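*Asks:*
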Amino acid sequence: VIESLLDNWWVAAVLKAVACLGVFLTVPLIIGQTEHKVMAHMQGRTGPMYAGAFHGWAQLVADGIKFVQKEDVVPDNADRGVFKLAPAVSLLPALFVLVVIPWSPGLVAEKLDIGLFYALAISSITTIGMLMAAWSSANKFSLLGGIRGAAQLIAYELPLVLSAATVAMFAGTLSLTGIAAAWEWWWIPFLAPAMFVFFVASLAELNRPPFDMPVADSEIIFGHMTEYTGLRFAFFLLTEYAGIVVAGALFAVLFLGGWRGPFLSAELGILWTFLKIFAFGFVVIWLRVAYPRLREDQLQKLCWKVLIPLSLVQIFVAAAVKLYAPWANGTW
Amino acid sequence: MAKGLGLAKGLMVTLNTMRKPTATKHYPDAKPALPPRTRGVIALFEENCTVCMLCARECPDWCIYIDSHKEVVPPKTPGARARTRNILDRFAIDFALCMYCGICIEVCPFDALFWSPEFEYSEYDIRELTHEKERLREWMYTVPAPPALDPDGEPAAELVAAQKAEPKVYEAPALQAGGAAVAAPAAAAPAAAPAAVAAPAAAAAPAPAAAPGKPAREHAEIDKEDVGVDQGVFDAAISAGLPERVARAKAKSAWMKNWKKENAATQAAEATAAAVPPAAVDESAVQAPAAEAPAAAAAGTAPDTEGAAVVAMDPGPTSVAPTVDPASQGADTHGMTGSVVGDAQESHVDVGEPQIDQETYDAAIASGLPDRVARAKAKSAWVKKARKGQV
Numbered sequence: 001v002i003e004s005l006l007d008n009w010w011v012a013a014v015l016k017a018v019a020c021l022g023v024f025l026t027v028p029l030i031i032g033q034t035e036h037k038v039m040a041h042m043q044g045r046t047g048p049m050y051a052g053a054f055h056g057w058a059q060l061v062a063d064g065i066k067f068v069q070k071e072d073v074v075p076d077n078a079d080r081g082v083f084k085l086a087p088a089v090s091l092l093p094a095l096f097v098l099v100v101i102p103w104s105p106g107l108v109a110e111k112l113d114i115g116l117f118y119a120l121a122i123s124s125i126t127t128i129g130m131l132m133a134a135w136s137s138a139n140k141f142s143l144l145g146g147i148r149g150a151a152q153l154i155a156y157e158l159p160l161v162l163s164a165a166t167v168a169m170f171a172g173t174l175s176l177t178g179i180a181a182a183w184e185w186w187w188i189p190f191l192a193p194a195m196f197v198f199f200v201a202s203l204a205e206l207n208r209p210p211f212d213m214p215v216a217d218s219e220i221i222f223g224h225m226t227e228y229t230g231l232r233f234a235f236f237l238l239t240e241y242a243g244i245v246v247a248g249a250l251f252a253v254l255f256l257g258g259w260r261g262p263f264l265s266a267e268l269g270i271l272w273t274f275l276k277i278f279a280f281g282f283v284v285i286w287l288r289v290a291y292p293r294l295r296e297d298q299l300q301k302l303c304w305k306v307l308i309p310l311s312l313v314q315i316f317v318a319a320a321v322k323l324y325a326p327w328a329n330g331t332w
Numbered sequence: 001m002a003k004g005l006g007l008a009k010g011l012m013v014t015l016n017t018m019r020k021p022t023a024t025k026h027y028p029d030a031k032p033a034l035p036p037r038t039r040g041v042i043a044l045f046e047e048n049c050t051v052c053m054l055c056a057r058e059c060p061d062w063c064i065y066i067d068s069h070k071e072v073v074p075p076k077t078p079g080a081r082a083r084t085r086n087i088l089d090r091f092a093i094d095f096a097l098c099m100y101c102g103i104c105i106e107v108c109p110f111d112a113l114f115w116s117p118e119f120e121y122s123e124y125d126i127r128e129l130t131h132e133k134e135r136l137r138e139w140m141y142t143v144p145a146p147p148a149l150d151p152d153g154e155p156a157a158e159l160v161a162a163q164k165a166e167p168k169v170y171e172a173p174a175l176q177a178g179g180a181a182v183a184a185p186a187a188a189a190p191a192a193a194p195a196a197v198a199a200p201a202a203a204a205a206p207a208p209a210a211a212p213g214k215p216a217r218e219h220a221e222i223d224k225e226d227v228g229v230d231q232g233v234f235d236a237a238i239s240a241g242l243p244e245r246v247a248r249a250k251a252k253s254a255w256m257k258n259w260k261k262e263n264a265a266t267q268a269a270e271a272t273a274a275a276v277p278p279a280a281v282d283e284s285a286v287q288a289p290a291a292e293a294p295a296a297a298a299a300g301t302a303p304d305t306e307g308a309a310v311v312a313m314d315p316g317p318t319s320v321a322p323t324v325d326p327a328s329q330g331a332d333t334h335g336m337t338g339s340v341v342g343d344a345q346e347s348h349v350d351v352g353e354p355q356i357d358q359e360t361y362d363a364a365i366a367s368g369l370p371d372r373v374a375r376a377k378a379k380s381a382w383v384k385k386a387r388k389g390q391v
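Protein chains in written order, with the numbering used here: chain A, 1 to 332; chain B, 1 to 391.
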C-alpha cells in the first residue's frame, strides 16, 4: 500500500516538499547556532548559555519566538506590496534549490538533468528580493545597500558560474547527481583554483563578511534590511543561513564529491554530505571572525582582476585536459 | 606573498583563540573570588561607634547621616559627677552617593567601620540604597579577617613596648623558680594574659591557648562598680594629714590591688583545672621547657601576676580581644571581628574562600531573616568552624 501511495505523483511531491522544508527550517538554525558558538569562542567568549539550559542550544528558537512577537512595521512611504513581498522572494530560492541537491546516491527530491543550471539560476533570484527590499523601503540606507548589493551580486555571479561550468564540463553533465557520481579524487588538486573561486564568489553572493558591504552595519545600518522588523526581518536572516547551507551543498557536490566519503559512501552518504556542508559553514564563520570588511573598490577589483581571470584560465585548462588527455575521460 | 601570510596568520589567531578556554566569568552562576580587601560595602560595628562624627565630616560626598542624643549616666559613687555619653540614634550611609573612597573607614578612630567584599545589594528604588544602622550592622558578619601580617615585617609598636616592659612585670622569683619562661603564664593562665604578655609566645605560636580562652575572657571583665575602699589604708592616709580626696584614691587603689591578687590566683587555678591539653601549652609556651609549665605557672603566678592582671584590665584593645592573636597584634580590628562573631579562639588562619554553613543558613531562614542576612550569617559560621578546625 505504501509503495503504491509513493508511486502516486502527488503524494510523493508533498512528501518531498515536506522533507525539503524540514531541512530548510532546521539545518540553517544549526549553522546559525554554530556561528554563535564558534564566533564567541574565537573571540574568547562563550556565546549564548541560557536558552534551553544546555549551552544555549535553543537560542535561535528563542530568537524566532521573539521575532514572531514583534510588530510588523511598514514605513509610510514604502511601496507596501513590494516591501511585504521582498523577504519571501529573497528566502524562497534557497528552499527551491534544496530540491535538486543530492544527499546520498538515491536520495534527491528531484533528479533534474539541468540541476546545476537550475540551482544557479534560482539562487540568483535572491538578488531580486534584495533589490525589491532596498527600493521599496524608501530609505536611503536601504537604497545604498541595495545598490552595493546589486553591484556585488551581479559581479560575483560571473566567477561563480564560470567555476561551476568548469566542473560541469569536466563531469560532462549538468545534473548534480551526475556530477557527484562522476567525481574523482584527483579533481580536488586539479580544480583547486575553481574551488577557490567558487568559494569566494559564494561568500560574496551570501553577503557574508568579508564581503558584507551591502549590509555593512557600521556604515549603512543594515542595508536593505534596515526598515524590516519581526518575522520579515527574520526571513532575511534565514535567507543568509539557508544560503550557507545551499552554497555548502553545491560546493560539496561540485568539488568534494557530494555523498562520497573515505568509506561506506553509499550507506553513509547523508553523513558525508552534511559533514561537508558543516565544514563549509565553519570556514564561512571562521572567515567572518578573522577578516575585516573589503572596501567597495577592493571588492570589485578582487572580482574582476583576480577571480574572473582565474576562473577563465581554469576553464581553458580544464577544457584542454578534457579534450586531449585520455585519462580524464575514463577511456585511458 | 606577505599579504597571503597575513591572511593565514589571521586565521591562525582566531583558531588558536577558539581552542583556548574562554575568558568569560559566569557571574551570577559563579561568584567571583574577591580579595578580602575588596571595597564592596561599608559595615558598621555599632558597638564601637562613639558618635564622634569624624566619618560624616570627612565624607567627601556627605553621604553618612548620623543622629544621636546624650544620656546622663548617674554617678557611680555618691557625690561624684554625673557623666554624659552619646547614644547613636541613626547611622545611615547612602550608597547611591557613596563613591567608595574609604575615607570614613580610614578616619574612624574607634574601628567602627569596615570594608566588606559583599557587593550584591542593588535595589529597584534608589531610596533603598540608604542603609540604616541595622543593615550596616548586618554587613559586619561579612567582614573578613584581615590578612596575616608579614612574618618578616617589623613588630607592632605595642608589642615592642610590651616586650620592653616584660622583665619588670615578671621580676618575681617564684616564676623563675618554677622554671617556666616568661611566656608560660600567657599559655597556662590566659585569664591574666593580656596581649602584651602573650607577646613573647607570639612569634612562634599562631593561636595562644585555645581551650582556656573562654574562661579567660569571662574573668577578665571586671565589674568596676564593685570597687571598694581599703579602710586601713584610708585611715592611715587621713592620719598622715593627706587630704580626703587623695586618701580615698589611695585606699581605692589598695583595694583594687588586693582584689586583683585574689582574682588572679583564682583564675590561674581555674585555668589549670580546665584541663589544658599539654600539647596546646607546648605550642603556645614555646619557651616553657617542660610540660609541667602550666602547673608551675599556676602555682607560681598566684602572688605575682598582679602586673599581668593590671595589663589585662587596661582599657586598651585587649579588653575587647582578650586573646589577642599574635599574628595581628597591630591589627586590633580583627579582635573586634572576632568578638562580633563571638569567637574567642580566633586566629588568622586562612580558610580560603568562605562557603556556607547549611545549618545556620536554614535556621536563619526559618527564623524569618532575609536571604542576604542568612547567607552572611551562614558564611561567618562556616568561617568560624573552619578556623576552629584548623586551630
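Positions of the beta carbon are idealized from the N, C-alpha and C atoms, including for glycine.
Fair warning: this is a prediction, and the values are worked out from it, not measured in the lab.
Can you have a look at B:K9 and say buried or exposed, based on whether 16 or more other CB atoms are within 10 angstroms of its CB?
*Replies:* So B:K9 counts as exposed.
*Asks:* Is any beta-carbon of chain A found at less than 7 Å from that of B:M18?
*Replies:* It does: the Cβ of B:M18 has a partner Cβ on chain A nearer than 7 Å.
*Asks:* For A:P48, which residues in the same chain have their Cβ closer than 7 Å to its Cβ, ignoring the five residues on either side in sequence?
*Replies:* These residues qualify, in order along the chain: H36, G56, Q59.
*Asks:* Looking at C-alpha atoms only, which residue of A:L275, A:L287, A:L268, A:G172 is the closest neighbour of A:D212?
*Replies:* When each option's Cα is compared against that of A:D212, the closest is A:L287.
*Asks:* Using a C-beta cutoff of 7 Å, does A:H41 count as contacting chain B?
*Replies:* Output row for A:H41: interface = yes.
*Asks:* With a cut-off of 7 Å, does the C-beta of B:T84 fall near any C-beta of chain A?
*Replies:* No, B:T84 does not count as interfacial toward chain A.
*Asks:* Taking the alpha-carbon of A:S202 as reference, which of A:A164, A:K322, A:A192 has the nearest alpha-carbon?
*Replies:* Closest option to A:S202, Cα to Cα, is A:A164.
*Asks:* Output needed in chain order: residues of the region 2-15 of chain B with a Cβ under 8 Å from some Cβ in chain A.
*Replies:* Those would be L7, G10, L11, V13, T14, L15, in chain order.
*Asks:* Quick check on the burial criterion: 16 or more other C-beta atoms within 10 angstroms. Buried or exposed for B:L159?
*Replies:* Answer is buried; the Cβ neighbour count reaches 16.
*Asks:* Run down chain B in chain order and give the residues with a C-beta less than 8 Å from the C-beta of A:V38.
*Replies:* Here the neighbours are M18.
*Asks:* What are the residues in the region 43-54 of chain A lying within 8 Å of chain B by C-beta distance?
*Replies:* Under the 8 Å Cβ criterion, the region 43-54 of chain A contributes Q43, G44, R45, T46, M49.
*Asks:* Are the beta-carbon atoms of A:I122 and A:P93 separated by less than 7 Å?
*Replies:* Taking 7 Å as the Cβ cut-off, A:I122 and A:P93 qualify as a contacting pair.
*Asks:* Within the present structure, is the beta-carbon of A:V14 separated from the nearest heavy atom of the ligand NAP by less than 6 Å?
*Replies:* Because no ligand of any kind appears in the structure shown, any question about the ligand NAP cannot be addressed here.
*Asks:* Are there three or more Cβ pairs, one per stretch, closer than 8 Å when the region 115-135 of chain A is compared with the region 79-91 of chain A?
*Replies:* Verdict: yes, contact present.
*Asks:* Output yes if chain A places a C-beta closer than 7 Å to the C-beta of B:Y27; else output no.
*Replies:* Output row for B:Y27: interface = no.
*Asks:* Give a yes or no on whether 7 Å exceeds the smallest Cβ distance from B:A30 to chain A.
*Replies:* No, no contact with chain A.
*Asks:* A:V97 versus chain B: which residues are under 8 Å apart at the beta carbon?
*Replies:* Within chain B, no residue comes near A:V97; the closest Cβ sits about 29 Å away, beyond 8 Å.
*Asks:* Suppose you measure from the CA of A:L144 to the CA of A:K305; what does that come to, to the nearest Å?
*Replies:* The alpha-carbon atoms of A:L144 and A:K305 are separated by roughly 24 Å.
*Asks:* If we cut at 7 Å on Cβ distances, does B:T22 have a partner in chain A?
*Replies:* Chain A contact via Cβ: present.
*Asks:* Cβ closer than 8 Å: which chain B residues qualify as neighbours of A:W286?
*Replies:* Those within 8 Å of A:W286 in chain B are L11, T14, L15.
*Asks:* Going by the DSSP bridge assignment, what does B:S116 pair with across the sheet?
*Replies:* Bridge partners of B:S116: B:V41.
*Asks:* Take the Cβ of A:Y50 as the centre, count every other Cβ of all protein chains shown within 10 Å, and call the residue buried at 16 or more, exposed below.
*Replies:* Flag for A:Y50 reads exposed.
*Asks:* Can you give me the start and stop residues for the alpha helix (DSSP H) that B:H69 sits inside?
*Replies:* Taken as a continuous stretch (DSSP letters only), B:H69 belongs to no alpha helix (DSSP H), being part of the beta strand (DSSP E) at 64-73.
*Asks:* Along the region 196-228 of chain A, where does the CB come closer than 8 Å to a CB of chain B? Name the residues.
*Replies:* So nothing in the stretch comes that close.
*Asks:* Can you give the Cα-Cα distance for B:I64 and B:C52, rounded to whole angstroms?
*Replies:* Rounded to the nearest angstrom, the two C-alpha atoms are 13 Å apart.
*Asks:* Of all the options B:K164, B:R135, B:A162, which has the alpha carbon lying nearest to the alpha carbon of B:A374?
*Replies:* Closest option to B:A374, Cα to Cα, is B:R135.
*Asks:* Would you kindly work out how many angstroms separate the C-alpha atoms of A:L131 and A:L98, rounded to a whole number?
*Replies:* Rounded to whole angstroms, A:L131 to A:L98 spans 23 Å at the Cα level.
*Asks:* What would DSSP say about A:R295, mapped onto helix, strand or coil?
*Replies:* Here A:R295 sits in coil by DSSP.
*Asks:* State the start and end residues of the unbroken beta strand (DSSP E) segment that holds B:F91.
*Replies:* Taken as a continuous stretch (DSSP letters only), the beta strand (DSSP E) holding B:F91 covers 83-94.
*Asks:* Output yes if chain B places a C-beta closer than 7 Å to the C-beta of A:V283; else output no.
*Replies:* No, A:V283 lies away from the interface with chain B (no Cβ there is under 7 Å from its Cβ).
*Asks:* Going by Cα to Cα distance, which pick from A:P292, A:I179, A:F282 is closest to A:F117?
*Replies:* Of the candidates A:P292, A:I179, A:F282, the one whose C-alpha sits nearest the C-alpha of A:F117 is A:I179.
*Asks:* Could you round the C-beta distance between A:F280 and A:G248 to whole angstroms and report it? I think they count as a contact, below 8 Å.
*Replies:* A:F280 to A:G248, Cβ: 3 Å. Contact.
*Asks:* What residues match up with A:T408 in a beta bridge as DSSP calls it?
*Replies:* Given that chain A is displayed from residue 1 to residue 332, the structure contains no residue 408 of chain A and the question cannot be resolved.
*Asks:* I'd like to confirm the pairing. Which residues does DSSP put opposite B:H131 in its beta bridges?
*Replies:* Its beta-bridge partners are B:I93.
*Asks:* Determine the extent of the alpha helix (DSSP H) in which A:A171 is found, giving its start and end residues.
*Replies:* Where A:A171 is concerned, the enclosing alpha helix (DSSP H) stretches over 140-171.
*Asks:* Tell me whether B:L5 sits in a helix, a strand or coil according to DSSP, three-state version.
*Replies:* Helix.
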